[in-house]
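Engineer: Supplied in structure tokens, the structure appears directly below.
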Amino acid sequence: MGRLPLTPTRTPPTTAPDPDISAVQKRTLTVLLASQVLSGVGLAAGVTVAGLLAGQMLHNTSLSGLPIALLTAGSAVAAVVIGRVSQRLGRRPGLAAGYLTGALGGAGVVVAATLGSPALLFVSLFLYGAGTTSNLQARYAGADLAAPHQRARATSTVIVATTAGGIAGPLLATPAGHLATALRLPELTGLFLLSTAAFTLAALTLLIWLRPDPLLLARTLPADSAEGAPADSPARPGPGLLAGVVVLVLSQLVMVAVMTMTPIHMHAHGFGTAASGLVIALHTGSMYLPSPLAGRLVDRFGATAMSVVTAGTLLAAGGVAALAPGHSFTLITLGLVLLGVGWSFGLVTGTAIVTNSTPLATRAKVQGLVDVAIAVAGAIGGLTSGIVVAFAGYPILAMLCGVLAFAAAPAAIVAARKSSTHTPGTPAATTRRPSAPGG
Numbered sequence: 216m217g218r219l220p221l222t223p224t225r226t227p228p229t230t231a232p233d234p235d236i237s238a239v240q241k242r243t244l245t246v247l248l249a250s251q252v253l254s255g256v257g258l259a260a261g262v263t264v265a266g267l268l269a270g271q272m273l274h275n276t277s278l279s280g281l282p283i284a285l286l287t288a289g290s291a292v293a294a295v296v297i298g299r300v301s302q303r304l305g306r307r308p309g310l311a312a313g314y315l316t317g318a319l320g321g322a323g324v325v326v327a328a329t330l331g332s333p334a335l336l337f338v339s340l341f342l343y344g345a346g347t348t349s350n351l352q353a354r355y356a357g358a359d360l361a362a363p364h365q366r367a368r369a370t371s372t373v374i375v376a377t378t379a380g381g382i383a384g385p386l387l388a389t390p391a392g393h394l395a396t397a398l399r400l401p402e403l404t405g406l407f408l409l410s411t412a413a414f415t416l417a418a419l420t421l422l423i424w425l426r427p428d429p430l431l432l433a434r435t436l437p438a439d440s441a442e443g444a445p446a447d448s449p450a451r452p453g454p455g456l457l458a459g460v461v462v463l464v465l466s467q468l469v470m471v472a473v474m475t476m477t478p479i480h481m482h483a484h485g486f487g488t489a490a491s492g493l494v495i496a497l498h499t500g501s502m503y504l505p506s507p508l509a510g511r512l513v514d515r516f517g518a519t520a521m522s523v524v525t526a527g528t529l530l531a532a533g534g535v536a537a538l539a540p541g542h543s544f545t546l547i548t549l550g551l552v553l554l555g556v557g558w559s560f561g562l563v564t565g566t567a568i569v570t571n572s573t574p575l576a577t578r579a580k581v582q583g584l585v586d587v588a589i590a591v592a593g594a595i596g597g598l599t600s601g602i603v604v605a606f607a608g609y610p611i612l613a614m615l616c617g618v619l620a621f622a623a624a625p626a627a628i629v630a631a632r633k634s635s636t637h638t639p640g641t642p643a644a645t646t647r648r649p650s651a652p653g654g
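The opening residue of the sequence shown carries number 216 in the working numbering; numbering runs sequentially from there.
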């Protein structure tokens with residue numbers, strides 16, 4: 216009896232095939248866009264009515280700036296926590312936890328105002344700052360799966376989505392106030408009710424649909440040339456990291472300092488609240504709307520070149536604001552629009568540098584610490600701007616800020632020369648991670 220020929224048998228695969236990275240990135244950006252629109256609405260209360268509510272509860276308008284200080288402090292602490300949670304568990308739980316904490320803070324503000332409790336108000340505003348941090352850190356999630364030469368564009372896409380919510384939020388102040396009154400709550404808590412709902416929906420959007428987690432998936436992919444090391448290598452931040460931090464910190468400090476004092480400067484020269492409000496609205500729009508342009512420019516010409524452009528734009532903004540006559544609405548507006556554009560360029564450029572200079576093994580944690588520095592810079596800018604104006608005047612403040620911002624240019628150039636890796640837009644940084652079969 217002859218032996219039967221042996222035929223090889225196929226072993227069924229034990230693991231699922233890798234996802235199409237391009238498709239996952241598109242889905243990731245779509246989910247982040249939705250959460251950013253919602254969280255942008257959530258940001259409105261802190262900016263629009265927090266100071267008014269604190270002044271009303273404390274019967275002291277001199278303390279109306281305290282809520283922004285508490286929000287800034289809360290956002291700084293939350294940046295560290297969210298960064299560490301994201302590092303260990305992924306972007307989805309880290310960002311969602313920040314939004315839920317912000318929602319808890321918003322609800323606490325409503326309760327505090329209803330009970331007339333300043334202590335609870337302060338604690339709640341501190342917690343509310345976590346929502347603003349998640350909104351800012353979401354830009355990093357947009358870059359986790361992007362090719363090195365497309366990271367800045369991915370980052371800018373996430374940033375610009377905040378515009379819709381940021382504009383819609385203040386416009387809803389009146390109807391939200393009517394809702395609060397109908398619920399027999401203080402009128403100024405209306406926007407915080409809205410923010411609580413918006414932050415909660417943003418968290419649920421991420422928890423349900425941000426799958427697979429972009430950061431966790433990125434760690435499973437082959438290393439790209441921009442990182443220069445495998446994903447599981449020890450943390451070795453590149454020399455460009457410091458330049459990225461300088462660009463981000465100086466952009467934030469200068470923007471907050473000049474923006475904070477512009478309404479006061481305008482009121483001192485006879486402008487009403489409507490005029491200063493319009494200038495700040497145009498400034499806010501110029502902070503976010505140019506983000507896609509900034510992303511394309513960074514990916515096309517490199518972060519070093521855009522650091523110089525950022526510094527030059529902020530210097531021009533400071534110069535225009537300093538030289539504008541106090542009665543010139545047009546020139547003051549131009550200075551604030553340039554200030555917003557310069558900040559937008561700086562945020563996208565600095566984020567690209569930080570991302571490309573930090574290995575995946577420690578990227579989220581480092582990014583959280585960078586955002587702490589940004590929050591501290593904003594607090595310093597807000598606190599010192601009033602002192603400078605009191606002793607030297609608004610024109611001196613604007614010019615000093617412009618000159619200070621220009622320090623970002625040489626810092627970026629020196630870091631680029633020391634760096635052994637290429638910045639985005641250079642040939643070495645245009646290598647795409649291979650997508651899975653069929654992708």
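C-beta: ideal position from N, C-alpha, C; glycine also.
1) By how many angstroms is the C-alpha of Leu425 removed from the C-alpha of Leu432?
2) By the DSSP assignment, the alpha helix (DSSP H) with Gly583 in it spans what residues?
3) Give the straight-line distance between the Cα atoms of Arg647 and Ala613, rounded to the nearest whole angstrom.
4) Give the range of the alpha helix (DSSP H) segment to which His393 is assigned.
5) Judging by CA-CA distance, which residue of Thr329, Pro333, Met476 and Thr287 is the nearest neighbour of Ser600?
6) Does the structure place the segment 361 to 370 close enough to the segment 335 to 351 that three or more beta carbon pairs sit under 8 angstroms?
7) Work out the CA separation of Asp586 and Ile568 for me, nearest whole Å.
8) Kindly give me the distance between the Cβ atoms of Leu315 and Thr415, rounded to whole angstroms, as I take these residues to be in contact under 8 angstroms.
9) Short check: CB of Gly309 to CB of Ser301, under 8 angstroms?
10) Between Tyr609 and the rest of its own chain, which residues show a CB-CB distance below 7 angstroms, the 5 nearest in sequence each way excluded?
11) Kindly indicate which residue of Thr545, Gly583, Phe544 and Ala622 has the alpha-carbon position closest to the one of Thr528.
12) If you follow the alpha helix (DSSP H) that Asp428 is part of, which residue opens it and which one closes it?
13) Is the segment 454 to 465 close to the segment 588 to 596, with three or more CB pairs under 8 angstroms?
14) Within its chain, find whatever has a CB closer than 8 angstroms to the CB of Thr566; leave out the 5 residues flanking it on each side and keep chain order.
15) Tell me which same chain residues have a C-beta within less than 8 angstroms of the C-beta of Leu619, skipping the five on either side of it?
16) Is the beta carbon of Ser522 less than 8 angstroms from the beta carbon of Ala624?
17) Please state the DSSP three-state secondary structure of Phe341.
18) Whose C-alpha, out of Val246, Cys616 and Ile611, is nearest the C-alpha of Pro427?
19) So is Phe407 buried or exposed if we call it buried at 16+ other beta carbons inside 10 Å?
20) Smallest Cα separation from Val338: which of Lys580, Leu319 and Arg434?
21) Leaving out five residues on either side along the sequence, give the residues of the same chain with a beta carbon under 8 angstroms from the beta carbon of Val239.
22) Could you check what DSSP says for His484 in three-state terms: helix, strand or coil?
23) Measuring CA to CA, which of Phe560, Gly405 and Val256 is closest to Gly380?
24) Under the rule that 16 or more other beta-carbon atoms within 10 Å means buried, what is Ala483, buried or exposed?
25) Can you give me the Cβ contacts of Thr404 inside the same chain, cut-off strictly under 8 angstroms, excluding the 5 residues immediately before and after it?
26) Figure out for me which residue from Leu253, Leu336 and Ala312 has the closest Cα to the Cα of Ile283.
27) Short of 6 angstroms in beta carbon distance, which residues of its chain neighbour Lys241, apart from the five on each side in sequence? Order them along the chain.
28) So is Phe341 buried or exposed if we call it buried at 16+ other beta carbons inside 10 Å?
29) For Ser250, count neighbouring Cβ atoms within 10 angstroms of its own Cβ and tell me buried if that reaches 16, exposed if not.
30) Tell me whether Thr435 sits in a helix, a strand or coil according to DSSP, three-state version.
31) For Val581, which residues in the same chain have their Cβ closer than 6 angstroms to its Cβ, ignoring the five residues on either side in sequence?
32) Using 8 angstroms for Cβ pairs, my map puts Ala532 next to Gly617. What's the rounded Cβ distance?
33) What does the Cβ neighbour count give for Glu442, buried or exposed, with the cut at 16 atoms within 10 Å?
34) May I ask which residues mark the beginning and end of the alpha helix (DSSP H) holding Pro282?
Structural biologist: Looking at the coordinates:
1) Residue mapping note: residue 432 aligns to position 217 of the sequence shown, counting from 1. Residue mapping note: residue 425 aligns to position 210 of the sequence shown, counting from 1. The straight-line gap from Cα to Cα measures roughly 12 angstroms.
2) Counted from its first residue, the sequence shown places residue 583 at position 368. Run containing Gly583: Arg578 to Ala607, per the alpha helix (DSSP H) assignment.
3) If you number the sequence shown from 1, residue 647 lands on position 432. If you number the sequence shown from 1, residue 613 lands on position 398. Since pLDDT at Arg647 reaches only 40, below the 50 mark, its modelled position is unreliable, and the value read off the structure follows with that caveat. Rounded to whole angstroms, Arg647 to Ala613 spans 42 angstroms at the Cα level.
4) Looking up residue 393 in the sequence shown gives position 178. Run containing His393: Ala388 to Ala397, per the alpha helix (DSSP H) assignment.
5) Stepping through the sequence shown from its first residue, residue 600 is reached at position 385. Ranking Thr329, Pro333, Met476 and Thr287 by Cα distance to Ser600 puts Met476 first.
6) no
7) Position 353 of the sequence shown, counting from 1, holds the residue named residue 568. Position 371 of the sequence shown, counting from 1, holds the residue named residue 586. For Ile568 and Asp586, the distance between alpha carbons rounds to 14 angstroms.
8) Residue mapping note: residue 315 aligns to position 100 of the sequence shown, counting from 1. Residue mapping note: residue 415 aligns to position 200 of the sequence shown, counting from 1. Yes, they are in contact, since the Cβ atoms of Leu315 and Thr415 sit about 7 angstroms apart, within 8 angstroms.
9) Mapped onto the sequence shown, residue 309 falls at position 94. Mapped onto the sequence shown, residue 301 falls at position 86. Going by C-beta atoms, Gly309 is nearer than 8 angstroms to Ser301.
10) Position 394 of the sequence shown, counted from the start, is the residue given in the question as residue 609. The answer, listed in chain order, is Met476 and His480.
11) Residue mapping note: residue 528 aligns to position 313 of the sequence shown, counting from 1. If we check each option's Cα against that of Thr528, Ala622 comes out closest.
12) Working through the sequence shown from its first residue, we reach residue 428 at position 213. Per DSSP, Asp428 belongs to no alpha helix (DSSP H) and is neither H nor E.
13) yes
14) As a position in the sequence shown, residue 566 is number 351, starting the count at 1. So the qualifying residues of the chain are Arg354, Tyr355, Ala358, Ala367, Thr370, Gly459 and Leu463.
15) Taking the sequence shown and counting its residues from 1, one reaches residue 619 at position 404. For Leu619, where only same-chain residues beyond five positions count, the Cβ hits under 8 angstroms are Leu465, Leu468 and Val469.
16) One-based indexing of the sequence shown puts residue 522 at position 307. One-based indexing of the sequence shown puts residue 624 at position 409. Yes; because the gap between Cβ atoms is below 8 angstroms, this pair is in contact.
17) Here residue 341 corresponds to residue number 126 of the sequence shown, with the count starting at 1. The answer is helix: DSSP assigns Phe341 an H, G or I state.
18) Sequence index remark: in the sequence shown, residue 427 carries index 212 (1-based). The residue with the shortest Cα to Cα distance from Pro427 is Val246.
19) Here residue 407 refers to the residue found at position 192 of the sequence shown. Classification for Phe407: buried.
20) As a position in the sequence shown, residue 338 is number 123, starting the count at 1. Answer by Cα proximity: Leu319.
21) For the purposes of this step, residue 239 is taken as residue 24 along the sequence shown, with counting starting at 1. Hits under 8 angstroms: Leu360, Pro427, Pro429 and Leu432.
22) If you number the sequence shown from 1, residue 484 lands on position 269. His484: coil per DSSP, three-state reduction.
23) The count along the sequence shown starts at 1 and reaches residue 380 at position 165. The candidate whose alpha carbon is nearest that of Gly380 is Val256.
24) Counting from one through the sequence shown, the residue named residue 483 turns up at place 268. So Ala483 counts as exposed.
25) Residue mapping note: residue 404 aligns to position 189 of the sequence shown, counting from 1. For Thr404, where only same-chain residues beyond five positions count, the Cβ hits under 8 angstroms are Leu268, Val324, Val325, Ala328, Thr329 and Ala395.
26) Position 68 of the sequence shown holds residue 283. Cα-wise, what sits closest to Ile283 is Leu336.
27) In the sequence shown, counting from the first residue as 1, residue 241 sits at position 26. Nothing meets the Cβ criterion.
28) Position 126 of the sequence shown, counted from the first residue, corresponds to residue 341. Classification for Phe341: buried.
29) Indexing the sequence shown from 1 puts residue 250 at position 35. Burial call: buried.
30) Locating residue 435 in the sequence shown gives position 220, where the first residue counts as 1. Coil, per DSSP.
31) Position 366 of the sequence shown, counted from the start, is the residue given in the question as residue 581. The residues are Thr573.
32) Stepping through the sequence shown from its first residue, residue 532 is reached at position 317. Stepping through the sequence shown from its first residue, residue 617 is reached at position 402. With 8 angstroms as the limit, Ala532 and Gly617 qualify as a contact, their Cβ atoms being about 6 angstroms apart.
33) What you label residue 442 is simply residue 227 of the sequence shown in a count that begins at 1. For Glu442, the pLDDT reaches just 40, beneath the cut-off of 50, and the residue's location in the model is therefore unreliable, leaving the point undetermined.
34) Walking along the sequence shown from the start, residue 282 turns up at place 67. Segment Leu281 to Leu304, the alpha helix (DSSP H) holding Pro282.
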